[in-house]
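Enquirer:
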Amino acid sequence: MISLESYIPALAFLAEAAADAVKTGASEMNFGAGDFFFYLFAVIAVFSAFMVVTAESPISSALFLVVTFFAMAAIYALLSAHFLAVIQVLVYAGAIMVLFLFVIMLLDLRKEELIEKRHWLLGAVGFVVGIALVVLMVASFRLSQNVEVAVKSGTDQEAPDAAKFPAIQESADQIDGSRIEAARFGTTRRVSKHLFREYLFPFEVASLLLLVGIIGVVVISRRRRRRRPPGEVIDEEGAS
Amino acid sequence: MTGQYIPILCAAVVSVGLAAGMLLLSRILGPRNLTKRKTSTYECGVEPTGSTRERFPIKFYIIAMLFILFDIEIIFMIPWAIEFRQLGFLGFIEMAVFIGVLVVGLVYVWKKGALEWD
Chain A
3 MISLESYIPA
13 LAFLAEAAAD
23 AVKTGASEMN
33 FGAGDFFFYL
43 FAVIAVFSAF
53 MVVTAESPIS
63 SALFLVVTFF
73 AMAAIYALLS
83 AHFLAVIQVL
93 VYAGAIMVLF
103 LFVIMLLDLR
113 KEELIEKRHW
123 LLGAVGFVVG
133 IALVVLMVAS
143 FRLSQNVEVA
153 VKSGTDQEAP
163 DAAKFPAIQE
173 SADQIDGSRI
183 EAARFGTTRR
193 VSKHLFREYL
203 FPFEVASLLL
213 LVGIIGVVVI
223 SRRRRRRRPP
233 GEVIDEEGAS
Chain B
5 MTGQYIPILC
15 AAVVSVGLAA
25 GMLLLSRILG
35 PRNLTKRKTS
45 TYECGVEPTG
55 STRERFPIKF
65 YIIAMLFILF
75 DIEIIFMIPW
85 AIEFRQLGFL
95 GFIEMAVFIG
105 VLVVGLVYVW
115 KKGALEWD
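Top to bottom, those sequences are chains A and B.
For the first sequence, my numbering begins at 3 and goes up steadily by one.
For the second sequence, my numbering begins at 5 and goes up steadily by one.
1. What does P83/B touch in chain A if you count any residue whose Cβ is under 8 Å from its own?
2. Which of the residues in the segment 36-66 of chain B, read from start to end, lie with their CB under 8 Å from any CB of chain A?
3. With DSSP as the reference, label E206/A as helix, strand or coil.
4. Please confirm whether A73/A and M99/A have their CB atoms less than 8 Å apart.
5. Using the beta-carbon count (16 or more within 10 Å), is W121/B buried or exposed?
6. Does chain A have any CB closer than 8 Å to the CB of L29/B?
7. So the alpha helix (DSSP H) P11/B belongs to, where does it begin and stop?
8. Please list, in chain order, the chain B residues whose beta carbon lies closer than 9 Å to that of L101/A.
9. Comparing C-alpha positions only, which one of M69/B, R41/B and V17/B sits nearest to E51/B?
10. Between which two residues does the alpha helix (DSSP H) containing I46/A stretch?
11. Grouping DSSP H, G and I as helix and E and B as strand, with all else coil, what is A118/B?
12. Can you pull the chain A neighbours of A118/B, defined as C-beta to C-beta under 7 Å?
13. Using a threshold of 8 Å, state whether the C-beta atoms of A97/A and D75/B are closer than that.
14. Short check: CB of I217/A to CB of Y9/B, under 8 Å?
15. Cβ of L108/A less than 8 Å from any chain B Cβ?
16. Which bits of chain A does V101/B rub up against, with CB to CB less than 9 Å?
17. Could you list the residues in the segment 38-55 of chain A with a C-beta less than 9 Å from some C-beta on chain B, going in chain order?
18. Cβ closer than 8 Å: which chain B residues qualify as neighbours of A105/A?
19. Measuring CA to CA, which of S142/A, R191/A and L197/A is closest to S82/A?
20. Taking all protein chains shown into account, do 16 or more other C-beta atoms lie within 10 angstroms of the C-beta of G109/B, making it buried, or fewer, making it exposed?
21. What does I106/B touch in chain A if you count any residue whose Cβ is under 9 Å from its own?
22. Can you list the residues of chain A that G95/B reaches, using a CB-CB cut of under 7 Å?
23. Quick one: is V93/A near chain B, going by C-beta distance under 8 Å?
24. Using a Cβ-Cβ cut-off of 8 Å, state whether L202/A counts as contacting chain B.
25. Would you say G21/B faces chain C, with C-beta separation under 8 Å as the test?
26. Per DSSP, what kind of secondary structure is G49/B in: helix, strand or coil?
27. Against I98/A, what residues of chain B qualify as contacts under a CB-to-CB distance less than 8 Å, listed in chain order?
28. Tell me the residue span of the alpha helix (DSSP H) that contains L38/B.
29. According to the Cβ coordinates, are L123/A and A68/B closer than 8 Å?
30. Under 8 Å Cβ-Cβ, which residues of chain A neighbour I10/B?
31. Between which two residues does the alpha helix (DSSP H) containing V88/A stretch?
32. Under 8 Å between C-beta atoms, does A79/A make it to chain B?
33. Helix, strand or coil for I222/A per DSSP?
34. List the residues of chain A whose Cβ lies closer than 8 Å to the Cβ of G34/B, in chain order.
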């Protein structure tokens, strides 16, 4: 969880990063194959996300959302979160999209209704939420950088010096070692170890969340039982 | 590290390319003369009545939603199954509690009759 206080340094960090980017420019960037694929899938994700918002028909928005989910899965894979990438495709692009399409069909929205129900307040709320998400993203980026430094200093023998200059003091072996470590980071085994040892309590709470979902769907969508007229013939065994 | 994904990338490129290529080729090569009868929903068959956008019964939604919830339960079981031996008896208890909570939900759904189609 990211507390509210971390927003303020995050904003400062955002300004700093923007200034840095202007100063250094693109010439100093180290552009590899991994970077190429990252930018490819990032562009696909952002473009299709944009199309989700702007598409006229709800069905085409939903289908563009599938594209976004696939691009996100590819980015997860590039970040060596292998398990998460597979789950992203199976659950989000598969199951959740089926649900979205069902809801679109259930609601039976027509074009006129969609246009009528737009309200200026929704736009304002969307703007505020969007700003908050950008700040959250920057804050989590900053936090993840700190974690990276901590991991590097943890693997090094001379921890205090290495924390200061991790890139210079790391020998070739250690760089290789940390790369292998990074590649294994998101495998199913690693996820399992973290999930069932460190994050045991959130895991068990997730079951309660699922239980709430199960009860909620039944409560919301249950049809009221009609009383059968006395003359009707009941031919089912399970009729109550 | 990302080299192992090259086959998946190849498969994705081939499948998208194949689908796009077939659509494109049929558009370029196929002759088109659209008549009123040809553009109708069923060229031969029953005349369609009413809108295509029919409202669907809520039953489909219940099934889809319950499917997703139990699908996520199964997904939590995948990492557990892979590390089953290393996690030992404690891991077994952890998963038993997790499934136990969800069995309560299953019993609730069953008793409420949400699994019955009619």
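The beta-carbon is built from N, C-alpha and C at its ideal position, and this holds for glycine as well.
Expert: According to the data block:
1. F85, T190, R191, V193, S194, L197 and F198, listed in chain order.
2. Of all residues in the segment 36-66 of chain B, R57, E58, R59, F60, I62, F64, Y65 and I66 have a Cβ within less than 8 Å of some Cβ in chain A.
3. Reduced to three states, the DSSP call for E206/A is helix.
4. No, the Cβ-Cβ distance between A73/A and M99/A is not below 8 Å.
5. W121/B should be labelled exposed.
6. Under the Cβ distance rule, L29/B does not count among the residues neighbouring chain A, no pair being separated by less than 8 Å.
7. Note, P11/B: alpha helix (DSSP H), I10 to L33.
8. Here the neighbours are Y65, A68, M69, F71 and I72.
9. With distances taken between Cα atoms, E51/B lies closest to R41/B.
10. Counting along the chain, the alpha helix (DSSP H) containing I46/A begins and ends at A35 to T56.
11. Annotated three-state conformation of A118/B is coil, per DSSP.
12. Going along chain A in sequence order, the residues near A118/B (Cβ under 7 Å) are V220 and R224.
13. Closer than 8 Å, so yes.
14. Cβ atoms of I217/A and Y9/B: not closer than 8 Å.
15. At least one chain B Cβ lies under 8 Å of L108/A.
16. Near V101/B (Cβ distances below 9 Å), the residues of chain A are E206 and S209.
17. Cβ contacts with chain B come from F39.
18. The sequence shown places Val at residue 105/A, rather than the Ala named in the question. Within chain B, the residues near V105/A are Y65.
19. Closest option to S82/A, Cα to Cα, is R191/A.
20. Classification of G109/B: buried, given that the 10 Å Cβ count is 16 or more.
21. Checking the sequence, you will find Leu at residue 106/B rather than Ile. Per Cβ cutoff of 9 Å: S209, L212, L213 and I216.
22. Around G95/B, the beta-carbon contacts reaching into chain A at under 7 Å are F198.
23. With 8 Å as the cut-off, V93/A counts as an interface residue toward chain B.
24. Among the CB atoms of chain B, one or more fall inside 8 Å of the CB of L202/A.
25. Although the question refers to chain C, the structure presented lacks it and instead comprises the protein chains A and B.
26. Coil.
27. Neighbours of I98/A in chain B, taken as residues whose beta carbon is under 8 Å from its own, are I72 in chain order.
28. Per DSSP, L38/B is not a residue of any alpha helix (DSSP H), being assigned neither H nor E.
29. Taking 8 Å as the Cβ cut-off, L123/A and A68/B do not qualify as a contacting pair.
30. Taking a Cβ-Cβ cut-off of 8 Å, I10/B has no neighbours in chain A, whose nearest Cβ is about 10 Å from it.
31. Looking at the DSSP string, the run of the alpha helix (DSSP H) that includes V88/A is H84 to I89.
32. Cβ-Cβ to chain B under 8 Å: yes for A79/A.
33. Helix, per DSSP.
34. Against chain A, the beta carbon of G34/B has no neighbour under 8 Å; the closest one sits roughly 24 Å away.
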